[in-house]
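Q: Pasting in a structure now, in structure tokens, and then I'll have a few things to ask.
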Amino acid sequence: MRGFWMGLLVGALVGAGGTWAALTKPWEGDELAVPEVADAAPVADKGKRKKRRRRRRRKGAREQVPIDEVVQLSAADRQMISKGPAIKLPPKSVDFAGEGGRPLDQSEINAGVRRASKSMISCIAKARGNAEMTAKITLKMLVGPNGRVLKRQVRAPRYLISNGLYQCTGSAAGRMGFPSTGAHTLVTVPFDLD
């Protein structure tokens with residue numbers, strides 16, 4: 003009979019605890035505030051130290067350079083390279099309907115480049131970082147008949163290309179809203195880096 007009463011007592015306690023947990027849901031409440039202890043005493047060494055595992059570097063990750071430190075560039079970093087597909091006009095087809103388009107004129111090109119010049123300069127500054135260099139950066143684009151940039155090629159020092167200049171110019175070139183003229187146009191935009 004003693005086992006019966008013991009089982010009944012345990013069952014009642016488990017049931018009461020389950021009911022309390024279901025009603026108050028302590029796991030959903032606010033976290034308890036833990037008081038901070040202000041202790042300036044040095045921590046005493048308690049014997050063995052734990053071994054720390056070295057973190058693995060990610061492939062391609064560059065070392066962080068302190069803000070005020072100037073990056074020294076090698077001749078290979080200053081070498082001019084091109085990144086992107088070759089830019090040339092597609093072969094022309096003969097249109098007997100006579101409704102051929104015209105290429106963009108210089109004022110339309112200037113207006114489109116002006117729209118994205120701030121983002122292009124920002125891309126160059128971000129890729130340059132703290133490196134001191136002078137260069138002439140060239141952005142070549144193939145603008146489609148609808149006014150959108152179809153292809154782009156960037157010619158710049160290797161250092162800028164490896165620091166993301168080509169990828170950044172993709173969004174900047176997309177901001178150049180050229181008018182729709184019905185014909186392809188080659189656009190070359192120089193940027194001087196002083």
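The sequence shown begins at 3 in the working numbering and counts up by one.
Here a beta-carbon is modelled for each residue, glycine too, at the ideal position from N, C-alpha and C.
Treat the numbers as computed from the prediction; the structure is a model and nothing was measured.
Could you give the residue range of the beta strand (DSSP E) that holds Asp194?
A: First-last of the beta strand (DSSP E) with Asp194: 187–195.
Q: Return yes when the Cβ of Arg154 is within less than 9 Å of the Cβ of Gly172, no when it is not.
A: The answer is yes: Cβ separation under 9 Å.
Q: Bridge partners of Leu141, per DSSP?
A: DSSP lists Val156, Val191 as partners of Leu141.
Q: Tell me the residue span of the alpha helix (DSSP H) that contains Lys120.
A: Counting along the chain, the alpha helix (DSSP H) containing Lys120 begins and ends at 108–130.
Q: Grab the span of the beta strand (DSSP E) containing Ser76 for me, first residue to last.
A: Where Ser76 is concerned, there is no enclosing beta strand (DSSP E), given that its DSSP letter is neither H nor E.
Q: For Asn132, which option in Asn148, Tyr161, Arg104 has the closest C-alpha, if you only look at C-alpha atoms?
A: When only C-alpha atoms are compared, the closest one is Tyr161.
Q: Tell me which same chain residues have a C-beta within less than 7 Å of the C-beta of Gly146, skipping the five on either side of it?
A: Closer than 7 Å at the Cβ level, and outside the excluded window around Gly146, lie Leu152, His186.
Q: So, for Leu75: in the same chain, excluding its five sequence neighbours on each side, which residues have a beta-carbon less than 7 Å away from its beta-carbon?
A: Around Leu75: Ala133, Met135, Tyr161.
Q: Taking its Cβ as the centre, do 16 or more other Cβ atoms sit within 10 Å of Pro159, making it buried, or is it exposed?
A: Looking at its Cβ environment, which holds 16 or more other Cβ atoms inside 10 Å, Pro159 is buried.
Q: Between Trp177 and the rest of its own chain, which residues show a CB-CB distance below 8 Å, the 5 nearest in sequence each way excluded?
A: The question names Trp, yet the displayed sequence has Arg at residue 177. Contacts found: Arg117, Ala118, Ser121.
Q: When burial is assigned at 16 or more other CB atoms within 10 Å of the CB, is Ala174 buried or exposed?
A: Ala174 should be labelled buried.
Q: Comparing alpha-carbon positions, which option in Leu195, Leu188, Phe193 lies nearest Leu91?
A: Checking every option, the nearest Cα to that of Leu91 belongs to Leu188.
Q: Just tell me which of Gly103, Glu110, Pro87 has its CA closest to the CA of Lys94.
A: Of the candidates Gly103, Glu110, Pro87, the one whose C-alpha sits nearest the C-alpha of Lys94 is Gly103.
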